[in-house]
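Q:
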């Protein structure tokens, strides 16, 4: 019972669950705002009303998702003071800087121009209204960068000094913090993955309507756009993921070793990558595995004869650096989350490739079950992003700030397990309710489909928008 009410364990569960729930909305926000900006640009440049209809249609879905993301994101800030006060006290001067920039600069930019875009229909000049959605897009991407920069400090601490008198880390160079090598590698990888999630929603939405033979003039180009977006973003996600892997090996070699459950240092052909393994959860005893020789070596060093350090060797090094303790993460979580991330993401890309082939030259898939595959495949990219972040955060354990502060030393000293449990239950119930509301609102908007194309005013020749506020 005491273990169940452990404040550290419950605080970790609470932060993990609320973060994952909030993250359900983040990639869609980033991907959809960019998509809406692209559709509106196509409308302004071509005058084709189908792009105006797509702009307003996916704009509704974006705004529903954005509102829910704002509500759930606020909770994250409170937890730093409530459950993780020792963490906040120790690194608040450093970690808080990019978060302040995110709130005061990026979010205000995003929110301000979203407001102008919502209420600016028929009021702002056409190109100025278009500029407002692109400004909102820049704000959302900047917001992501500042948050990734804050997280990257936890993965690879830079730009700080330890104030021994006050017992905390203090920021020394904001530019060095923002150009952390991990942030520079993680940012494009994350953004392109967000585009994959948005592409998945576009594909699923278009497939749902095309399966029912409705809204053909808008859903056919939307489907084609979504398929190409998925393939392009998927390829770029793989390339940027490769660069992030190199940064991870350089800064956190234990995480790469744990991703392969590699206990002994290996070189060349012995540094193989296991696609699938049967054995004990910690990877110590292996019964069966499917392996690709040299691949782990190539992923870690970009050479086929490179050396990949094993968990046991790194454990010895860390004991010498940081003192006695277990410095390896939970192996089965890092091993399988790494593979689920790759498997789910690549599955979605392969479905999109198949979709492009089946719809080439304006063709329609012969078997109707293919539309259902496109619809039900939507969670694949989103699931890949979620397990990818689980890998990123769990692979850093037992550190909350790598090499500086352990997770067990970061929890608030005055909080009790009962208090955390009560808030955890409350958050779960509230978030569960919000999830139902979000799902029903988006489902209703998707099933309704795009509004009819606006008519021209016979006197002025201008378009008459039937709804100016979403």
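In this note's numbering, the protein residues as written are 100 to 569. Note that the Cβ used here is the ideal one computed from N, Cα and C, for glycine as well. Computed from a prediction, not measured in an experiment: that's the story for all the values here.
(1) Answer yes if the segment 182-197 comes into contact with the segment 499-510, meaning at least three C-beta pairs across the two stretches below 8 Å, and no otherwise.
(2) Comparing C-alpha positions only, which one of 211, 202, 256 sits nearest to residue 243?
(3) Spell out the partners DSSP gives residue 366 in its beta bridges.
(4) Does the segment 433-442 come within contact of the segment 473-490, defined as at least 3 CB pairs closer than 8 Å?
(5) For residue 296 versus residue 533, is the C-beta spacing smaller than 9 Å?
(6) So does the segment 444-463 actually touch the segment 395-405, counting three or more Cβ pairs closer than 8 Å?
(7) Let me know the secondary structure DSSP gives residue 436 once reduced to three states.
(8) Is residue 361 buried or exposed, if buried means 16 or more other CB atoms sit within 10 Å of its CB?
(9) Contact between the segment 511-520 and the segment 167-184: three or more CB pairs below 8 Å?
(10) With a CB to CB cut of under 8 Å and the five nearest residues on each side skipped, what residues in its chain are close to residue 358?
(11) Starting from the C-beta of residue 120, find all residues in its chain whose C-beta is less than 8 Å away, skip the five residues before and the five after it, and write them out in chain order.
(12) For residue 388, collect the residues of the same chain with a Cβ closer than 6 Å to its Cβ; drop the 5 residues on either side in sequence, then sort them by chain order.
(13) By DSSP's criteria, residue 495 is part of a beta bridge. Which residues make up the other side?
(14) Does DSSP classify residue 360 as helix, strand or coil?
(15) Give every residue of the same chain whose Cβ lies closer than 7 Å to the Cβ of residue 251, excluding the five residues on either side of it in the sequence, and list them in chain order.
(16) Use the C-beta contact count for residue 566: other C-beta atoms within 10 angstroms, 16 or more gives buried, fewer gives exposed.
(17) By how many angstroms is the C-alpha of residue 440 removed from the C-alpha of residue 146?
(18) If residue 366 sits next to residue 406, beta carbons under 8 Å apart, how far is it from one beta carbon to the other, in whole angstroms?
(19) Quick one: Cα of residue 229 to Cα of residue 137, how far?
(20) For residue 538, count neighbouring C-beta atoms within 10 Å of its own C-beta (all shown protein chains included) and say buried if the count is 16 or more, exposed if not.
(21) Have a look at 334, 300, 335, 518 and flag the residue whose alpha-carbon is nearest the alpha-carbon of residue 322.
(22) What did DSSP end up calling residue 374 once you bin it into helix, strand or coil?
(23) Do you know offhand how far residue 211's Cα is from residue 128's?
(24) Taking Cβ to Cβ, would you say residue 231 is nearer than 9 Å to residue 215?
(25) For residue 267, which beta-bridge partners are listed by DSSP?
(26) Under 9 Å, do residue 236 and residue 291 count as touching if we go by C-beta distance?
(27) Report the CB separation of residue 572 from residue 268 in whole angstroms; it is logged as a contact under 8 Å.
(28) Assuming the contact rule is C-beta atoms closer than 8 Å, residue 174 and residue 526 should be a hit. Round their C-beta distance to whole Å, please.
(29) Note down the Cα distance separating residue 417 from residue 426, rounded to an integer number of angstroms.
(30) Could you tell me which of 524, 482, 542 sits nearest to residue 122, measuring between CA atoms?
(31) By the DSSP assignment, the alpha helix (DSSP H) with residue 111 in it spans what residues?
(32) Rounded to whole angstroms, what's the CA-CA distance from residue 140 to residue 213? Just pull it up for me.
(33) Is the Cβ of residue 355 closer than 9 Å to any Cβ of chain B?
(34) Taking the alpha carbon of residue 306 as the reference point, which residue from 486, 471, 542, 246 has its own alpha carbon closest?
A: Working from what's here:
(1) yes
(2) In the chain shown, residue 243 corresponds to position 144, counting from 1. The shortest C-alpha separation from residue 243 is found at 202.
(3) The residue you call residue 366 lines up with position 267 of the chain shown. According to DSSP, which records beta bridges pairwise, residue 366 is partnered with 406.
(4) Judged by Cβ distances under 8 Å, the segment 433-442 makes contact with the segment 473-490, as three or more pairs qualify.
(5) Residue 296 sits at position 197 when you count from the first residue of the chain shown. Residue 533 sits at position 434 when you count from the first residue of the chain shown. No.
(6) no
(7) As a position in the chain shown, residue 436 is number 337, starting the count at 1. Helix.
(8) The residue labelled residue 361 in the question sits at position 262 within the chain shown. Label assigned to residue 361: buried.
(9) yes
(10) By 1-based counting over the chain shown, the position of residue 358 is 259. If we look at residue 358 and ignore the five residues flanking it on each side, its Cβ neighbours are 433, 434, 437, 490, 494.
(11) Stepping through the chain shown from its first residue, residue 120 is reached at position 21. The answer, listed in chain order, is 171, 530, 534.
(12) Within the chain shown, residue 388 is the residue found at index 289, counting from 1. Only 373, 376 meet the Cβ criterion.
(13) The residue given as residue 495 occupies position 396 in the chain shown. According to DSSP, residue 495 bridges with nothing at all.
(14) Here residue 360 refers to the residue found at position 261 of the chain shown. Residue 360: coil per DSSP, three-state reduction.
(15) Here residue 251 refers to the residue found at position 152 of the chain shown. The answer, listed in chain order, is 279, 281, 282, 285.
(16) Residue numbering aside, residue 566 sits at position 467 when the chain shown is read from its first letter. Low confidence applies to residue 566: its pLDDT is 47, below 50, so where it sits in the model is not reliable, and the reading given next is rough at best. Classification for residue 566: exposed.
(17) The residue given as residue 146 occupies position 47 in the chain shown. The residue given as residue 440 occupies position 341 in the chain shown. Using only the alpha carbons, I get a separation of about 40 Å.
(18) Reading the chain shown from its first residue, position 267 is the one you call residue 366. Reading the chain shown from its first residue, position 307 is the one you call residue 406. The Cβ separation is near 5 Å, so the contact holds.
(19) As a first step, residue 229 must be located in the chain shown, where it is residue number 130. As a first step, residue 137 must be located in the chain shown, where it is residue number 38. Between residue 229 and residue 137, the C-alpha separation is close to 10 Å.
(20) Your numbering for residue 538 matches position 439 in the chain shown. Exposed.
(21) One-based indexing of the chain shown puts residue 322 at position 223. It is 300.
(22) Here residue 374 refers to the residue found at position 275 when the chain shown is read from its first residue. DSSP places residue 374 in strand when its eight states are reduced to three.
(23) Here residue 211 refers to the residue found at position 112 of the chain shown. Here residue 128 refers to the residue found at position 29 of the chain shown. Their backbone Cα atoms lie some 15 Å apart in a straight line.
(24) Numbered from 1 along the chain shown, position 132 holds the residue referred to as residue 231. Numbered from 1 along the chain shown, position 116 holds the residue referred to as residue 215. Result yes, Cβ atoms of residue 231 and residue 215 sit closer than 9 Å.
(25) For the purposes of this step, residue 267 is taken as residue 168 along the chain shown, with counting starting at 1. Bridge partners of residue 267 according to DSSP: 262.
(26) Position 137 of the chain shown holds residue 236. Position 192 of the chain shown holds residue 291. No.
(27) Here the chain has residues from 100 to 569 only, and residue 572 is not among them.
(28) The residue given as residue 174 occupies position 75 in the chain shown. The residue given as residue 526 occupies position 427 in the chain shown. Yes, residue 174 and residue 526 are in contact; Cβ-Cβ is about 7 Å, under 8 Å.
(29) Mapped onto the chain shown, residue 417 falls at position 318. Mapped onto the chain shown, residue 426 falls at position 327. Near 7 Å, if we compare the C-alpha coordinates of residue 426 and residue 417.
(30) Here residue 122 refers to the residue found at position 23 when the chain shown is read from its first residue. With distances taken between Cα atoms, residue 122 lies closest to 482.
(31) On the chain shown, position 12 is the one that residue 111 refers to. 106-122 is the span of the alpha helix (DSSP H), which, as asked, contains residue 111.
(32) Start at 1 with the first residue of the chain shown, and residue 140 comes out as number 41. Start at 1 with the first residue of the chain shown, and residue 213 comes out as number 114. Distance between the alpha carbons of residue 140 and residue 213 is about 16 Å.
(33) No chain B appears in the structure shown, which is made up of a single protein chain.
(34) Your numbering for residue 306 matches position 207 in the chain shown. With distances taken between Cα atoms, residue 306 lies closest to 471.
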